[in-house]
Amino acid sequence: MADQERLLKQKLLTEKDPLKVAAILKNLHKNLDVPTKELAKFMKVSGPYISSMMRLLKLPELVIDGYYSKLIKLTHLLVLSRLNDPEDSKSAYEEVLMQNLSTVATDDLVRKYKYSISFSKAPRVDQKTLEKISNGIKKIDTQSRIKVIQTRIKAKIVIERQGDTEETTKFIEKIAKKLGVIDEQES
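Take the position in the sequence shown, starting the count at 1, then add 129; the result is the number in the working numbering.
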């Protein structure tokens with residue numbers, strides 16, 4: 130078994146075809162119980178890269194043929210291999226070809242398939258609205274700082290007020306009153 134492992138590792142260093150490399154890695158890992166960490170160290174790459182390479186083997190033939198036909202690059206294969214459903218892989222591959230997607234765009238497409246994320250071009254909150262939010266908080270407390278973060282999938286408003294517990298409690302209560310979640314008598 131040690132001889133077989135040594136032979137496979139030697140072949141690993143000389144093999145240029147990424148799918149053959151993936152097959153050798155999988156053989157070493159699954160059949161000879163060589164840990165991915167050890168394989169990564171041997172190849173001087175990261176552990177996740179080893180896992181990504183092995184994942185190539187689950188891609189549908191159609192996608193693999195696209196790589197060998199030089200229609201897509203290895204990086205496209207690595208990104209597409211993140212999809213678990215072969216039908217999703219095929220559909221995503223076809224979109225990559227039809228739209229001539231870059232690797233970054235392919236990554237967005239894969240995220241869309243995996244997590245049902247919408248990539249709409251909806252406008253973000255304008256600067257005027259952000260200033261109104263900030264000014265509204267400043268009216269409650271001039272020593273507070275506000276930070277508004279908006280991404281494609283979430284929005285976050287961070288209101289920061291430094292001070293001792295008594296000061297910060299009063300600040301939180303003022304915010305709660307403005308929001309109407311507590312009455313004047315409750316504080």
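Note that CB positions come from ideal geometry on N, CA and C, so glycine has one too.
### Task
Could you pull out every residue in the same chain whose Cβ sits closer than 6 Å to the Cβ of VAL277, ignoring the five residues on either side in sequence?
In the sequence shown, the residue the question calls residue 277 occupies position 148. So the list reads LEU259, ILE286, once near-sequence residues are dropped.
### Query
Is LEU238 buried or exposed, if buried means 16 or more other CB atoms sit within 10 Å of its CB?
As a working note, residue 238 is residue 109 in the sequence shown. The residue is buried, with at least 16 neighbouring Cβ atoms inside 10 Å.
### Query
According to DSSP, what are the bridge partners of ARG290?
Numbered from 1 along the sequence shown, position 161 holds the residue referred to as residue 290. In DSSP, ARG290 forms no bridge with anything.
### Message
Taking the alpha carbon of ILE301 as the reference point, which residue from ASP270, ALA284, GLN279, GLY176 has its own alpha carbon closest?
### Response
As a first step, residue 301 must be located in the sequence shown, where it is residue number 172. That would be ASP270, whose Cα lies nearest to the Cα of ILE301.
### Task
In the DSSP assignment, find the alpha helix (DSSP H) that holds ARG240 and state where it starts and stops.
Counted from its first residue, the sequence shown places residue 240 at position 111. Annotation for ARG240: the continuous alpha helix (DSSP H) segment containing it runs 232-244.
#### Entry: ALA221 (DSSP reduced to helix, strand or coil)
Translated into positions along the sequence shown, residue 221 becomes position 92. Taken through DSSP and simplified to helix, strand or coil, ALA221 comes out as helix.
### Task
Could you please give the first and the last residue of the uninterrupted alpha helix (DSSP H) stretch that includes ARG184?
Taking the first residue of the sequence shown as position 1, residue 184 is located at position 55. DSSP places ARG184 inside the alpha helix (DSSP H), whose first and last residues are 176-184.
### Query
Would TYR244 be called buried (16 or more neighbouring beta carbons within 10 Å of its own) or exposed?
Sequence index remark: in the sequence shown, residue 244 carries index 115 (1-based). Exposed, since its Cβ has fewer than 16 Cβ neighbours within 10 Å.
### Message
Taking the alpha-carbon of SER180 as reference, which of PRO189, HIS158, LEU200 has the nearest alpha-carbon?
### Response
Indexing the sequence shown from 1 puts residue 180 at position 51. SER180 has its Cα closest to that of HIS158, out of PRO189, HIS158, LEU200.
### Query
Can you give the beta carbon distance from LYS208 to THR235, rounded, assuming they're within the 8 Å contact cut?
Working through the sequence shown from its first residue, we reach residue 208 at position 79. Working through the sequence shown from its first residue, we reach residue 235 at position 106. Sequence inspection shows Val at residue 208; the Lys mentioned does not correspond to that position. Correct: roughly 5 Å between the Cβ atoms.
### Query
Is LYS202 helix, strand or coil when you go by DSSP?
If you number the sequence shown from 1, residue 202 lands on position 73. Look at LYS202 here: in three-state DSSP terms it is coil, with no helix or strand label.
### Query
Hey, would you say LEU136 sits closer than 8 Å to LEU154, going by beta carbons?
Here the question's residue 136 lines up with position 7 in the sequence shown. Here the question's residue 154 lines up with position 25 in the sequence shown. Not in contact: LEU136 and LEU154 (Cβ atoms no closer than 8 Å).
### Query
Could one say the Cβ of GLY309 lies closer than 8 Å to chain D's Cβ atoms, at least one of them?
As a matter of chain content, chain D is missing from the structure shown, which is built from one protein chain.
### Task
Check whether the Cβ atoms of LEU317 and SER210 lie closer than 8 Å to each other.
Examination of residue 317 is not possible in this model, given that the chain is present from 130 through 316 alone.
### Query
When we look at the beta-carbon of MET182 and count the other beta-carbons within 10 Å, is it buried (16 or more) or exposed?
On the sequence shown, residue 182 is found 53 positions in, with the first residue counted as 1. Buried, because 16 or more other Cβ atoms sit within 10 Å of the Cβ of MET182.
### Delimiting residues of the alpha helix (DSSP H) encompassing GLN139
If you number the sequence shown from 1, residue 139 lands on position 10. Looking at the DSSP string, the run of the alpha helix (DSSP H) that includes GLN139 is 131-143.
### Message
If you reduce the DSSP assignment to three classes, tell me which class VAL192 lands in.
### Response
In the sequence shown, residue 192 corresponds to position 63, counting from 1. Look at VAL192 here: in three-state DSSP terms it is helix.
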